[in-house]
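Peer 1: Using full-length UniProt numbering, the first residue of the sequence shown is number 1, and each one after it goes up by one.
The C-beta atom is built at its ideal place from N, Cα and C for all residues, glycine as well.
Keep in mind the model is a prediction, meaning the values are calculated, not measured.
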Amino acid sequence: MTGPNIKGYQRRKLGIFYTLIFRFCFCFRSVNNFLMTGSKAYLIYSGSVAAGAQSGIEECKHQFAWDRWNCPERALQLSTHSGLRSANREVAFVHAISSAGVMYTLTRNCSLGDFENCGCDDSRNGQLGGQGWLWGGCSDNVGFGESISKQFVDALETGQDARAAMNLHNNEAGRKAVKGTMKRTCKCHGVSGSCTTQTCWLQLPEFREVGAYLKEKYHRALKIDLLKGAGNSAASRGAVPESFSAAPKKELVHLEDSPDYCLENKTLGLPGTEGRECVKKGRQLGKWEKRSCRRLCGDCGLAVGERRAQVLSSCHCKFHWCCAVRCEQCRKTITKYFCLKLEKKSRNQSGSKRKDARLGRRPNPTLN
Numbered sequence: 001m002t003g004p005n006i007k008g009y010q011r012r013k014l015g016i017f018y019t020l021i022f023r024f025c026f027c028f029r030s031v032n033n034f035l036m037t038g039s040k041a042y043l044i045y046s047g048s049v050a051a052g053a054q055s056g057i058e059e060c061k062h063q064f065a066w067d068r069w070n071c072p073e074r075a076l077q078l079s080t081h082s083g084l085r086s087a088n089r090e091v092a093f094v095h096a097i098s099s100a101g102v103m104y105t106l107t108r109n110c111s112l113g114d115f116e117n118c119g120c121d122d123s124r125n126g127q128l129g130g131q132g133w134l135w136g137g138c139s140d141n142v143g144f145g146e147s148i149s150k151q152f153v154d155a156l157e158t159g160q161d162a163r164a165a166m167n168l169h170n171n172e173a174g175r176k177a178v179k180g181t182m183k184r185t186c187k188c189h190g191v192s193g194s195c196t197t198q199t200c201w202l203q204l205p206e207f208r209e210v211g212a213y214l215k216e217k218y219h220r221a222l223k224i225d226l227l228k229g230a231g232n233s234a235a236s237r238g239a240v241p242e243s244f245s246a247a248p249k250k251e252l253v254h255l256e257d258s259p260d261y262c263l264e265n266k267t268l269g270l271p272g273t274e275g276r277e278c279v280k281k282g283r284q285l286g287k288w289e290k291r292s293c294r295r296l297c298g299d300c301g302l303a304v305g306e307r308r309a310q311v312l313s314s315c316h317c318k319f320h321w322c323c324a325v326r327c328e329q330c331r332k333t334i335t336k337y338f339c340l341k342l343e344k345k346s347r348n349q350s351g352s353k354r355k356d357a358r359l360g361r362r363p364n365p366t367l368n
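Shown next, in the form of structure tokens:
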């Protein structure tokens, strides 16, 4: 990564930190009488919150790497009225995955012993969980992660309008995605290795599973239709929470349709798909990679162009006693594919070709 790119990356990361932390530090309140308040709590949890928000954005970029909307830089701001002025399903996903990332990281760091006031969730230990097994062991404390993340992330929403309600709903959907993808792990107990009884506990999944779960929710996101022309009356403000309460808390919701991401739109900060890389062939491609050239280029009225480049890679590696592996540097030509504008042909050329085709003539070769 070059110098300017490193600086840009650091600025983006700091932007997430400032948005989620410094705007929050004045409004953090106690939770269940055992969490610290004010600036001390800010110092303890701020690093985990910033790391969680960053992991959410990175997961967003992974999940949408081969989509027309690929989680661009504008998606890094979470506040209701700053960068994300739209209220479409992409904004819904950004809020959900960011909220999930914060909760996930806080829960994981709690299990790793990073916080003195947090430990295993053993509230159900000893209780019958199902046929042949009991709750036991050390479950990841998602209740702790959920409480702290809710205080941090939801504090950004200070408005009372439909957009704020939408963001809060999707924040909650992100937290429920973490809880809904928890894995049950069990240990057998019995004589001579038998499994007479089992004790089981809940563990966090890989965050990639949470991202994939929310990507499916994104495809099935529900559009909320609010009353038209209601204005800012007290009745219309009361109708906002009613409209969202009808939507299941696990589902993503949005208010607006998405724009055409094929086209560049400078007003909305959308780059379009011209110039995007796609994949035509390769081993172990995912379903979205396989369809990327059609979806990014063909369906957007663009052609697929080839560019060849030489890359250096290690080759002819040999083990030398003892104990080193030495490799040669080999040049390899690779082909990359990009979405390009279709070449426009003049009317005379196209008309001549159609006439030649009707008369069965072969085109004359071009003279140099």
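Look up glutamine 63 in the DSSP assignment and say whether it is helix, strand or coil.
Peer 2: In this structure, glutamine 63 counts as helix in the three-state DSSP scheme.
Peer 1: With distance defined between alpha-carbon atoms, name the residue in Val102, Asn167 and Ile148 nearest to glutamine 54.
Peer 2: Measuring from the Cα of glutamine 54, the nearest candidate turns out to be Val102.
Peer 1: With distances taken from CA atoms, which of Trp133, Tyr45, Cys278 and Asn171 is nearest histidine 189?
Peer 2: Comparing Cα-Cα distances from histidine 189 to each of Trp133, Tyr45, Cys278 and Asn171, the minimum goes to Trp133.
Peer 1: Anyone know if the C-beta pair for cysteine 120 and isoleucine 97 falls short of 8 Å?
Peer 2: It is not a contact, given that the beta carbons lie outside the stated cut-off.
Peer 1: When you compare the segment 324-340 with the segment 271-284, are there three or more beta-carbon pairs, one atom per stretch, that lie closer than 8 Å?
Peer 2: At 8 Å Cβ cutoff, the stretches touch.
Peer 1: Measure from the alpha carbon of alanine 155 to the alpha carbon of each residue in Ala162, Asn167 and Glu274, then state which is nearest.
Peer 2: Of the listed residues, the one whose Cα sits closest to alanine 155 is Asn167.
Peer 1: Can glycine 137 and tryptophan 66 be called in contact, C-beta distance under 8 Å?
Peer 2: Contact: no.
Peer 1: Could you spell out where the alpha helix (DSSP H) holding glutamate 146 opens and where it closes?
Peer 2: Segment 142-154, the alpha helix (DSSP H) holding glutamate 146.
Peer 1: Look up glutamate 306 in the DSSP assignment and say whether it is helix, strand or coil.
Peer 2: In the structure shown, glutamate 306 sits in a strand (DSSP, three-state: E or B).
Peer 1: Provide the residue span of the alpha helix (DSSP H) that contains alanine 247, from first to last.
Peer 2: Segment: none, alanine 247 is in no alpha helix (DSSP H) and carries neither H nor E.
Peer 1: Just the C-alpha distance for aspartate 114 and tyrosine 45, rounded to the nearest angstrom, thanks.
Peer 2: About 10 Å.
Peer 1: Between which two residues does the beta strand (DSSP E) harbouring leucine 134 extend?
Peer 2: Taken as a continuous stretch (DSSP letters only), the beta strand (DSSP E) holding leucine 134 covers 133-135.
Peer 1: Just list the residues that DSSP pairs glutamate 277 with in beta bridges.
Peer 2: Phe338.
Peer 1: Residues in the same chain with beta-carbon distance under 8 Å from histidine 62, minus the five sequence neighbours each way, listed in chain order, please.
Peer 2: Same-chain partners within the cutoff: Arg208 and Gly211.
Peer 1: State the DSSP-derived secondary structure class of cysteine 120, mapped to helix, strand or coil.
Peer 2: It is coil, neither helix nor strand.
Peer 1: Using the three-state DSSP reduction, which class does alanine 324 fall into: helix, strand or coil?
Peer 2: The answer is strand: DSSP assigns alanine 324 an E or B state.
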